[in-house]
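Student: The structure follows.
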Amino acid sequence: MTDFLQFVFAGSALGARYALVALGFVVIYRATGVINFAQGGLVALGAYIAYHFTDRIGAPFVIAVLAAVAACAIVGVLIQRVVLARMVGQPAFAVIMITIGLLFVIEQLIPTLWGYNSHNLGDPWGIKTVDLAGLTLAERDLWTLAIAAMALGGFFAFFRLSRYGLAMRAVAIDQEAALAQGISVGAVVAVSWAISGMVAALAGVTLSTGATAVSPTISFIALAAFPAMILGGLDSPGGAVIGGLLIGITQTLTAGYQPEHAAWLGDNFHVVMPYVVMIVILMVRPYGLFGVPEVDRA
Amino acid sequence: MSTPAVTDPPAPARSAPLPPRLLRTRTSRVWALVLVGAYVLAPLTVSDFWLSVLAYAGIAAIGAFGLNLLTGYAGQVSLGHAAFIGVGAYAAGWLGADEGLPLPLWLLGAALIGGVLGAVVGPFALRLRGQYLVVVTLGLVFLAEHVFRNWRGLTGGNSGRAIDPPASFGVDFNDFSLGGFAASRAQSWFWLIWALVAVVALIAANLARSRAGRALQAIRDRDLAAELTGVDIARTKVAVFALSSALAALAGALLGAYQEFVSPSEWNLVLSIQYIAIIIVGGLGSVYGPVLGAVFVGSMPRVIEEYSSSIPGVSSGAGDDGVITVFALNQVLFGVLIIGFLIAEPRGLTALARRVAARVNRSSATPARTTDNEEET
Amino acid sequence: MTALLDVSDVTLRFGGVTALDGVSFTTDTGELLAVIGPNGAGKTSVFNCISGVYVPQAGTITLEGASLLGSRRRSADLGVARTFQNLGLFPTLTVTENLLLGRHRHMRAGFLAGAAWFGRSRDEERRHRESISELLQLLRLDEYRDAHVAMLPYGIQKRVELGRALAMEPRLLLLDEPVAGMNAGETEAMASYIGAVRTARPDLAVVLVEHDMPFVMGLADRVVALDFGTPIATGTPAEIQRDERVIAAYLGTAA
Chain X
-4 MTDFLQFVFA GSALGARYAL VALGFVVIYR ATGVINFAQG GLVALGAYIA
46 YHFTDRIGAP FVIAVLAAVA ACAIVGVLIQ RVVLARMVGQ PAFAVIMITI
96 GLLFVIEQLI PTLWGYNSHN LGDPWGIKTV DLAGLTLAER DLWTLAIAAM
146 ALGGFFAFFR LSRYGLAMRA VAIDQEAALA QGISVGAVVA VSWAISGMVA
196 ALAGVTLSTG ATAVSPTISF IALAAFPAMI LGGLDSPGGA VIGGLLIGIT
246 QTLTAGYQPE HAAWLGDNFH VVMPYVVMIV ILMVRPYGLF GVPEVDRA
Chain S
728 MSTPAVTDPP APARSAPLPP RLLRTRTSRV WALVLVGAYV LAPLTVSDFW
778 LSVLAYAGIA AIGAFGLNLL TGYAGQVSLG HAAFIGVGAY AAGWLGADEG
828 LPLPLWLLGA ALIGGVLGAV VGPFALRLRG QYLVVVTLGL VFLAEHVFRN
878 WRGLTGGNSG RAIDPPASFG VDFNDFSLGG FAASRAQSWF WLIWALVAVV
928 ALIAANLARS RAGRALQAIR DRDLAAELTG VDIARTKVAV FALSSALAAL
978 AGALLGAYQE FVSPSEWNLV LSIQYIAIII VGGLGSVYGP VLGAVFVGSM
1028 PRVIEEYSSS IPGVSSGAGD DGVITVFALN QVLFGVLIIG FLIAEPRGLT
1078 ALARRVAARV NRSSATPART TDNEEET
Chain C
296 MTALLDVSDV TLRFGGVTAL DGVSFTTDTG ELLAVIGPNG AGKTSVFNCI
346 SGVYVPQAGT ITLEGASLLG SRRRSADLGV ARTFQNLGLF PTLTVTENLL
396 LGRHRHMRAG FLAGAAWFGR SRDEERRHRE SISELLQLLR LDEYRDAHVA
446 MLPYGIQKRV ELGRALAMEP RLLLLDEPVA GMNAGETEAM ASYIGAVRTA
496 RPDLAVVLVE HDMPFVMGLA DRVVALDFGT PIATGTPAEI QRDERVIAAY
546 LGTAA
């Protein structure tokens, strides 16, 4: 039982990281109707910028995180303005491939700038743990949950209460109608990219806390957020959070129990477990737990 | 426009539009001859290094024909191509190397296995419209890699396996001799691979000018209108996914046999994205684009590697001095090519080449009727 | 005697919005029925139900007794062809290819036959290209037949779309605002093309949705007027033009 609770806790922390990545996907999808594959690149970039500030500049950790958040927001907006703005009116499949190309570029620029070796993020938690009710909890996981909760709370407050949040929801429902209401679709798309850059940076930072976890593979870990997004529903921010948590917990439980109880599934099965869940979901409930089926416009 | 059709006498009957021939214009016939000549003569004049570069490019072209039908023609983006290429390589290992089947059988067998797997996966992956396929096939790459790493009996696990199937078809391509003439492996495999490229190109060109090819493009352009016109969207998508997977597996079988050794880490997302770069650079939905793209994208890393010492700022390995490694530079260039071509010239090198040809023709004062629409000739 | 198309008591809702409320009408072989109504009256929704794009919550739609509800390809197979308000052409294909897609359901060659080309695929291509050459002439599209549709002017695109629908050899043709956005000359030309089509295919039933009242009144055998998804009048053009409820719905403007 202790094991189980331990796994669920670690899984929730992992899931919170996925939730942050998946939220970035959902925000862009709602604004532009396209799945942004470059999101994983932004996640890795966020981690490396934070590392750059702590290790190379010697800034305090909090400052480094804020700098990463700001930088990724700017990079997100730049990507939209410089590259994707040129693709307006092009078919979605072409835009997706552009974001795939962007992922490729960002993923290789990172080791070019910071090298292939793994680094310490310079976070205050490292591998420290606290004991609580018989459980050994990693400090970094506790803080991850706290940071994710704050970020998600902030996002939903913005999304539900602010003028821009309302505009974002309007644009997601019907771009033309939103335009007719005087909403600037361009501004909404830019804000969406900024938000997605910010949550990407937080995801990157929380994914790379601990020991020597800043490495170019972060963007691949972030890919596991795709199943989270599918599970929750492509267009549902709340679904992204719940999907992220479920995927994280499932993955940790798999890592904990599969080697002993289902060894025939092979080594490191927990790495692909999110994709197994995703495929099952697509067969059973194709638009996710909270997604809305696409409607044809004839 | 304002003269109604009813009141006019029927227009003189013009001949019914004929189905396009593959080599309609004189230019295209000349090109075909040049290519056949190059095919025969290149191995006799080009160094083994470049023959091997071209052989890999030919293999990539075969796989890219498949992806181009799926993505370029039908508008369905897949990141799963690498998985099916891997399937083909292991099928060649099983049927060719382990079971000792002759060349045509292990090649066809690999394509068949890839096609059947595609037909099994397709209905789930294609059930939903739009972008779900990208995500599902992303998962497919990871799942396939997991299976490849763990099915040790077939794949040798993480350490990989040798693939040395028989390669005789009249002549032995591993040890080529005809009359008194003997050829190196690089020479003979060049002939084998590019002959297969020609066959696959013919298949793609035939499909493009027939009912199935039109249905694919209709789905890409307007899926709802296609459906209401009577196109069976679900079936057509699954069929093209299966065909695309079969061609990927065929490429994989050739790749495994040509490399003689494969390991599971080869069939990853990066490989899939390289194929996307190939079809974009060649020209999405253009019949011969995959060949142009494969030669360009396939030879670019080799050129950079070969001349890395003379390109400023490029280091040949992670430890050496330099701003960027050869590997990273190549990947960045793939990404830049994808982005650049999609924004600036979505019809790829095919369109660029055609534009250059048109300019050359114009400046040499030939009549205005040039080779437009060559992809349909 | 049963009608060719029988739309009976069709009700369609989106969430809380009722797009169609108890719509009924019939069309016979060889007849041209116009569906009119102000913007948002549900005209296009009627078409979307007939062609299987939307499934109404209540009511039946049959073509010679066979239900058209719920499947898009089924409607095409049973002989329903349609055009779209904002054009549903395949823009990257040529005029010939667009028309050949209309022939798609009459052709059989699949992927394997297509890949082989010689034999079935080539013979079929030849036969069906011949069969569309007649349409190309009827609609005066011969000179554009190798042009990519995206490059053509709007008026000609509309005609290409009509041609693609006719290439399907439908029994029922649905025309969704065939003259929307056209000037007077183009509208007149489209009217004469539709007339020519009806002469060439006397058995074809046509249902047409349109705003342009003179155009509708000149062409239609019968008219159904909708307002807010409810049928308010059915009759000959002359009767409809006198109908007070119709005049009221249009605020006395067009009718």
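Residue numbers (this note's numbering), protein chains in the order written: chain X, -4 to 293; chain S, 728 to 1104; chain C, 296 to 550. Here a beta-carbon is modelled for each residue, glycine too, at the ideal position from N, C-alpha and C.
1) Give the secondary structure of proline 497 of chain C by DSSP, where H, G and I count as helix, E and B as strand, and everything else as coil.
2) What in chain S is Cβ-close to alanine 404 of chain C, meaning under 9 Å?
3) Given that glutamine 944 of chain S touches chain A, what residues does it touch there, using C-beta distances under 7 Å?
4) Does the beta carbon of alanine 961 of chain S come closer than 8 Å to any beta carbon on chain X?
5) Have a look at glycine 458 of chain C and aspartate 441 of chain C and give me their C-alpha separation to the nearest angstrom.
6) What separation, rounded to the nearest whole angstrom, lies between the Cα atoms of alanine 586 of chain C and glycine 884 of chain S?
7) In terms of DSSP beta bridges, what is arginine 308 of chain C paired with?
8) Counting Cβ pairs, one atom from each stretch, are 3 or more of them under 8 Å apart for the region 61 to 75 of chain X and the region 225 to 237 of chain X?
9) Less than 8 Å between the beta carbons of proline 479 of chain C and threonine 378 of chain C, yes or no?
10) Roughly how far, in whole angstroms, is the beta-carbon of isoleucine 789 of chain S from the beta-carbon of valine 927 of chain S, given that I think they are within contact range, below 8 Å?
11) Using alpha carbons as the reference points, say which of S/Ala932, S/Ala1004, S/Arg938, S/Arg941 lies closest to phenylalanine 1068 of chain S.
12) Going by DSSP, which residues form a beta bridge with glycine 530 of chain C?
13) Apart from the five residues just before and just after valine 541 of chain C, which ones in its own chain have a Cβ nearer than 7 Å to its Cβ?
14) Going straight from the alpha carbon of valine 184 of chain X to that of isoleucine 168 of chain X, what length do you get?
15) Is phenylalanine 221 of chain X helix, strand or coil by DSSP?
16) Can you tell me whether alanine 361 of chain C is helix, strand or coil according to DSSP?
17) Between glycine 409 of chain C and chain S, is any beta-carbon pair separated by less than 8 Å?
18) Alpha carbons only, please: which of S/Val780, S/Ile1066, S/Val874 is nearest the one belonging to tyrosine 817 of chain S?
19) Taking the straight line between their C-alpha atoms, what separation do you get for histidine 265 of chain X and alanine 810 of chain S?
20) Quick one: residues in its chain with C-beta nearer than 7 Å to the C-beta of aspartate 775 of chain S, no 5 flanking neighbours on either side, listed in chain order?
21) Kindly say whether alanine 732 of chain S, judged by its beta-carbon, lies nearer than 8 Å to any beta-carbon of chain X.
22) Ignoring anything shorter than 4 residues, give me the alpha helix (DSSP H) runs that lie fully in the region 326 to 350 of chain C, in order along the chain.
23) Would alanine 784 of chain S and alanine 976 of chain S qualify as a contact pair, given that the criterion is a beta-carbon distance under 8 Å?
24) Could you tell me which uninterrupted beta strand (DSSP E) segments, each at least 3 residues in length, are contained entirely in the region 47 to 87 of chain X, listed from first to last along the chain?
25) Should valine 780 of chain S and serine 1026 of chain S be called a contact, given that it needs their Cβ atoms to be closer than 8 Å?
26) Please state if the CB of alanine 984 of chain S and the CB of alanine 1105 of chain S are separated by a distance shorter than 8 Å.
27) Relative to the ligand NAD, is the shortest distance from any of its heavy atoms to the C-beta of alanine 66 of chain X smaller than 7 Å?
28) For leucine 277 of chain X, count the other beta carbons within 10 Å of its own beta carbon; 16 or more makes it buried, fewer makes it exposed. Which is it?
29) To the nearest angstrom, how far is the alpha carbon of alanine 87 of chain X from that of isoleucine 23 of chain X?
30) Are the C-beta of proline 232 of chain X and some C-beta of chain S separated by less than 8 Å?
31) In angstroms, rounded to a whole number, what distance separates the CA positions of isoleucine 946 of chain S and valine 958 of chain S?
32) Helix, strand or coil for alanine 475 of chain C, going by three-state DSSP, please let me know.
33) For serine 805 of chain S and leucine 433 of chain C, I'd like the C-alpha separation in whole angstroms.
34) Hey, how far is the Cα of aspartate 118 of chain X from the Cα of leucine 202 of chain X?
35) Alpha carbon to alpha carbon, how far is leucine 388 of chain C from alanine 376 of chain C?
36) Write down every uninterrupted run of the alpha helix (DSSP H) in the region 420 to 465 of chain C whose length is 4 residues or greater and which is fully enclosed by it, in chain order.
Tutor: Inspection of the coordinates gives the following:
1) Sequence index remark: in the third sequence, residue 497 of chain C carries index 202 (1-based). In this structure, proline 497 of chain C counts as coil in the three-state DSSP scheme.
2) Numbered from 1 along the third sequence, position 109 holds the residue referred to as residue 404 of chain C. Ser937, Arg938, Ala939, listed in chain order.
3) Any reference to chain A falls outside this structure, whose protein chains are X, S and C.
4) Position 234 of the second sequence holds residue 961 of chain S. Judged by the 8 Å Cβ criterion, alanine 961 of chain S is not in contact with chain X.
5) On the third sequence, position 163 is the one that residue 458 of chain C refers to. On the third sequence, position 146 is the one that residue 441 of chain C refers to. Rounded to whole angstroms, glycine 458 of chain C to aspartate 441 of chain C spans 14 Å at the Cα level.
6) In the structure displayed, chain C extends from 296 to 550; residue 586 of chain C sits before or after that span and is not available.
7) Sequence index remark: in the third sequence, residue 308 of chain C carries index 13 (1-based). DSSP output for arginine 308 of chain C lists C/Thr313 as bridge partner(s).
8) no
9) For the purposes of this step, residue 479 of chain C is taken as residue 184 along the third sequence, with counting starting at 1. For the purposes of this step, residue 378 of chain C is taken as residue 83 along the third sequence, with counting starting at 1. A quick correction: the sequence has alanine, not proline, at residue 479 of chain C. It is not a contact, given that the beta carbons lie outside the stated cut-off.
10) As a first step, residue 789 of chain S must be located in the second sequence, where it is residue number 62. As a first step, residue 927 of chain S must be located in the second sequence, where it is residue number 200. Indeed, because the Cβ distance is near 5 Å, the residues count as touching under 8 Å.
11) Translated into the one-based positions of the second sequence, residue 1068 of chain S becomes position 341. Cα-wise, what sits closest to phenylalanine 1068 of chain S is S/Ala1004.
12) For the purposes of this step, residue 530 of chain C is identified with residue 235 of the third sequence, where counting begins at 1. In the DSSP output, where bridge partners are listed per residue, glycine 530 of chain C has C/Val518.
13) Within the third sequence, numbered from 1, the residue matching residue 541 of chain C stands at position 246. Excluding sequence neighbours, valine 541 of chain C sits near Ala520, Ile527, Ala528, Ile535, Ala550.
14) The count along the first sequence starts at 1 and reaches residue 184 of chain X at position 189. The count along the first sequence starts at 1 and reaches residue 168 of chain X at position 173. Taking the straight line joining both Cα atoms gives about 14 Å.
15) Translated into positions along the first sequence, residue 221 of chain X becomes position 226. Correct three-state label for phenylalanine 221 of chain X: helix.
16) Numbered from its first residue, the third sequence carries residue 361 of chain C at position 66. DSSP places alanine 361 of chain C in the strand class (E or B) of the three-state scheme.
17) By 1-based counting over the third sequence, the position of residue 409 of chain C is 114. Interface residue, yes.
18) As a working note, residue 817 of chain S is residue 90 in the second sequence. Here the closest residue by C-alpha is S/Val874.
19) Walking along the first sequence from the start, residue 265 of chain X turns up at place 270. Walking along the second sequence from the start, residue 810 of chain S turns up at place 83. The straight-line gap from Cα to Cα measures roughly 19 Å.
20) Mapped onto the second sequence, residue 775 of chain S falls at position 48. Result list for aspartate 775 of chain S: Ser911, Ala913, in chain order.
21) The residue given as residue 732 of chain S occupies position 5 in the second sequence. Its pLDDT being 42, under 50, alanine 732 of chain S is placed unreliably by the model, and the measurement read from it follows with that caveat. Closer than 8 Å: no.
22) 338 to 345
23) Residue mapping note: residue 784 of chain S aligns to position 57 of the second sequence, counting from 1. Residue mapping note: residue 976 of chain S aligns to position 249 of the second sequence, counting from 1. Cβ atoms of alanine 784 of chain S and alanine 976 of chain S: not closer than 8 Å.
24) none
25) Translated into the one-based positions of the second sequence, residue 780 of chain S becomes position 53. Translated into the one-based positions of the second sequence, residue 1026 of chain S becomes position 299. Yes; because the gap between Cβ atoms is below 8 Å, this pair is in contact.
26) Because chain S spans 728 through 1104 in this model, residue 1105 of chain S falls outside it and cannot be assessed.
27) Absence of the ligand NAD is noted for the structure shown, with no ligands found whatsoever.
28) The count along the first sequence starts at 1 and reaches residue 277 of chain X at position 282. It counts as buried.
29) For this step, residue 87 of chain X is matched to residue 92 along the first sequence. For this step, residue 23 of chain X is matched to residue 28 along the first sequence. A direct Cα-Cα distance of roughly 13 Å separates alanine 87 of chain X from isoleucine 23 of chain X.
30) Taking the first residue of the first sequence as position 1, residue 232 of chain X is located at position 237. False, the Cβ-Cβ gap to chain S never drops below 8 Å.
31) As a working mapping, residue 946 of chain S is identified with position 219 in the second sequence. As a working mapping, residue 958 of chain S is identified with position 231 in the second sequence. Distance from the CA atom of isoleucine 946 of chain S to the CA atom of valine 958 of chain S, rounded to whole angstroms, is 8 Å.
32) On the third sequence, position 180 is the one that residue 475 of chain C refers to. Three-state DSSP puts alanine 475 of chain C in coil, outside helix and strand.
33) Translated into the one-based positions of the second sequence, residue 805 of chain S becomes position 78. Translated into the one-based positions of the third sequence, residue 433 of chain C becomes position 138. Going from the Cα of serine 805 of chain S to the Cα of leucine 433 of chain C covers about 42 Å.
34) The count along the first sequence starts at 1 and reaches residue 118 of chain X at position 123. The count along the first sequence starts at 1 and reaches residue 202 of chain X at position 207. So the two alpha carbons sit approximately 11 Å from each other.
35) The residue labelled residue 388 of chain C in the question sits at position 93 within the third sequence. The residue labelled residue 376 of chain C in the question sits at position 81 within the third sequence. Spanning the two alpha carbons is a distance of roughly 19 Å.
36) 449 to 462
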